[in-house]
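S.K.: Numbering (the numbering used here), first residue to last: 1 to 298.
#1: Quick check: what's the CA-CA separation for residue 253 versus residue 230?
#2: With distances taken Cα to Cα, identify the nearest neighbour of residue 45 among 281, 23 and 165.
#3: Given a cut-off of 8 Å, decide if residue 147 and residue 48 are closer than it, judged by their beta-carbon atoms.
#4: For residue 124, count the other beta carbons within 10 Å of its own beta carbon; 16 or more makes it buried, fewer makes it exposed. Which is it?
#5: For residue 198 versus residue 174, is the C-beta distance shorter than 8 Å?
#6: Grab the span of the beta strand (DSSP E) containing residue 263 for me, first residue to last.
#7: Is the stretch 27-35 in contact with the stretch 56-69, if contact means three or more CB pairs nearer than 8 Å?
#8: Among 111, 74 and 50, which residue has its Cα nearest to the Cα of residue 96?
#9: Alpha carbon to alpha carbon, what distance is there between residue 103 and residue 129?
#10: Along the beta strand (DSSP E) that carries residue 242, what are the first and last residues, could you check?
#11: Exposed or buried, which one is residue 81 when buried takes at least 16 other CB atoms within 10 Å?
#12: What first and last residue would you give for the alpha helix (DSSP H) that runs through residue 119?
#13: So what does residue 101 bridge to, in DSSP terms?
#14: Can you pull the DSSP bridge partners for residue 165?
#15: Which two residues bound the contiguous alpha helix (DSSP H) that contains residue 156?
#16: Compare the C-alpha of residue 14 against each of 27, 38 and 89 and name the closest.
#17: Would you call residue 106 buried or exposed, if buried means 16 or more other Cβ atoms sit within 10 Å of its Cβ?
#18: Just confirm the distance between the C-beta atoms of residue 265 and residue 225, as a whole number of angstroms; I'd bet it's less than 8 Å.
#19: What distance in whole Å lies between the Cβ atoms of residue 208 and residue 182, which are believed to be in contact at a cut-off of 8 Å?
#20: Determine, using beta carbons only, whether residue 222 and residue 179 come nearer to each other than 8 Å.
#21: Between which residues of its own chain and residue 16 is the CB-CB distance below 8 Å, once the five residues before and five after are set aside?
#22: Pull up the DSSP beta-bridge partners for residue 71, would you.
#23: DSSP has residue 253 in a bridge; who is on the other side?
#24: Under three-state DSSP, which class holds residue 183?
#25: Relative to the C-alpha of residue 144, which candidate in 126, 169, 262 and 278 has its C-alpha closest?
#26: State the beta-bridge partners of residue 58 as determined by DSSP.
#27: Closest to residue 153 by C-alpha separation, out of 120, 20, 177 and 138, would be which residue?
Take a look at the structure:
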């Protein structure tokens, strides 16, 4: 059978295009204090530009970013997309509450009380379905297992929402130690009720991520920022064996990868068993984010 058509894909990494390059550059300024090399400071439009080609995230100023993204979702069979709490994200959910759901990205985990308050406020005001965190992108950086993160984890448990966490070597040119996959072991031990989903690959510790997912029920993995032909071999093997319930589809559109490339390569490389595709593209996201309760999905 291979890739299933008309399944109603749930994409856990949908965004909206910029209407000019300067807006795109401005969106990444929060990381500027961490840069030291000239290319990051002066040349690249976004800090991991060297890793991606033909990024489709800038459109003409006369285009409505929300409608443009929705058109691409419809074209490639994405039923629901999880997006950030940008102005466009909030408006997209207002216009199309059955097509978009919101996640809140933590902007400053050095501000412990502020982080906790922002999660609770976002849940109350916008009914967020998840929280996101980029440990290496904080300034100063805050490791996954840092005590500053513990109130965040406790709040996610209290609010019953999962946390999506960057793990593995960071793309931008900055230190990667905050995202060492081994740090997840202690967090999962201390917060057995926490649902935690890794983002951006866990490389080069994919096998360690697999072992930790076997060990900890609440730990999951999503494929954000990876084209299907580059899915880590250990993760694909895990999904096709004992980890079918643990791997979730997450694109990186339009920040890094087009939906056309994602779904063309999925059909071409066909990495998963027939029984795994529905879980990967839809069912695991419904369970982890409780979308049966929140959006009536099944």
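The beta carbon of each residue, even a glycine, is placed where N, CA and C say it ideally should be.
Since this is a predicted model, take the numbers as computed values, not measurements.
M.R.: To lay it out plainly:
#1: Here the question's residue 253 lines up with position 253 in the chain shown. Here the question's residue 230 lines up with position 230 in the chain shown. Each residue's Cα considered, the two are about 16 Å apart.
#2: Walking along the chain shown from the start, residue 45 turns up at place 45. Of the listed residues, the one whose Cα sits closest to residue 45 is 23.
#3: Locating residue 48 in the chain shown gives position 48, counting from the first residue. Locating residue 147 in the chain shown gives position 147, counting from the first residue. No, the pair does not count as a contact, with Cβ atoms beyond the cut-off.
#4: Taking the first residue of the chain shown as position 1, residue 124 is located at position 124. Exposed, because fewer than 16 other Cβ atoms sit within 10 Å of the Cβ of residue 124.
#5: Against the chain shown, residue 198 aligns to sequence position 198. Against the chain shown, residue 174 aligns to sequence position 174. The answer is no: Cβ separation not under 8 Å.
#6: Start at 1 with the first residue of the chain shown, and residue 263 comes out as number 263. Not the beta strand (DSSP E): residue 263 falls in the alpha helix (DSSP H), residues 259-269.
#7: Contact annotation: the stretch 27-35 does not touch the stretch 56-69, with fewer than three C-beta pairs closer than 8 Å.
#8: In the chain shown, the residue the question calls residue 96 occupies position 96. Ranking 111, 74 and 50 by Cα distance to residue 96 puts 74 first.
#9: In the chain shown, counting from the first residue as 1, residue 129 sits at position 129. In the chain shown, counting from the first residue as 1, residue 103 sits at position 103. C-alpha of residue 129 to C-alpha of residue 103: approximately 6 Å in a straight line.
#10: For this step, residue 242 is matched to residue 242 along the chain shown. Segment: none, residue 242 is in no beta strand (DSSP E) and carries neither H nor E.
#11: Position 81 of the chain shown holds residue 81. Of the other Cβ atoms in all chains shown, 16 or more fall within 10 Å of the Cβ of residue 81; this residue is therefore buried.
#12: On the chain shown, residue 119 is found 119 positions in, with the first residue counted as 1. Taken as a continuous stretch (DSSP letters only), the alpha helix (DSSP H) holding residue 119 covers 112-126.
#13: To locate residue 101, count along the chain shown from 1; it is residue 101. DSSP lists 82 as the beta-bridge partner residues of residue 101.
#14: On the chain shown, residue 165 is found 165 positions in, with the first residue counted as 1. Answer is 133 and 198, bridged to residue 165.
#15: As a first step, residue 156 must be located in the chain shown, where it is residue number 156. Taken as a continuous stretch (DSSP letters only), the alpha helix (DSSP H) holding residue 156 covers 150-159.
#16: Your numbering for residue 14 matches position 14 in the chain shown. That would be 89, whose Cα lies nearest to the Cα of residue 14.
#17: Along the chain shown, read from residue 1 onward, the residue named residue 106 stands at position 106. Buried.
#18: Translated into the one-based positions of the chain shown, residue 265 becomes position 265. Translated into the one-based positions of the chain shown, residue 225 becomes position 225. No, residue 265 and residue 225 are not in contact; Cβ-Cβ is about 14 Å, not under 8 Å.
#19: Numbered from 1 along the chain shown, position 182 holds the residue referred to as residue 182. Numbered from 1 along the chain shown, position 208 holds the residue referred to as residue 208. In this structure residue 182 touches residue 208 by the C-beta definition: roughly 7 Å separates them, less than 8 Å.
#20: Start at 1 with the first residue of the chain shown, and residue 222 comes out as number 222. Start at 1 with the first residue of the chain shown, and residue 179 comes out as number 179. Cβ atoms of residue 222 and residue 179: not closer than 8 Å.
#21: Numbered from its first residue, the chain shown carries residue 16 at position 16. Once the five neighbours on either side are set aside, the close Cβ partners of residue 16 are 65, 66, 68, 69, 83, 86, 88, 89, 92 and 254.
#22: Indexing the chain shown from 1 puts residue 71 at position 71. DSSP lists no partner for residue 71.
#23: Here residue 253 refers to the residue found at position 253 when the chain shown is read from its first residue. According to DSSP, which records beta bridges pairwise, residue 253 is partnered with 14.
#24: If you number the chain shown from 1, residue 183 lands on position 183. Reduced to three states, the DSSP call for residue 183 is helix.
#25: The residue you call residue 144 lines up with position 144 of the chain shown. Taking residue 144 as reference, the option from 126, 169, 262 and 278 with the minimal CA-CA separation is 169.
#26: Stepping through the chain shown from its first residue, residue 58 is reached at position 58. According to DSSP, residue 58 bridges with 18.
#27: Walking along the chain shown from the start, residue 153 turns up at place 153. The closest CA to that of residue 153, considering only 120, 20, 177 and 138, is found on 120.
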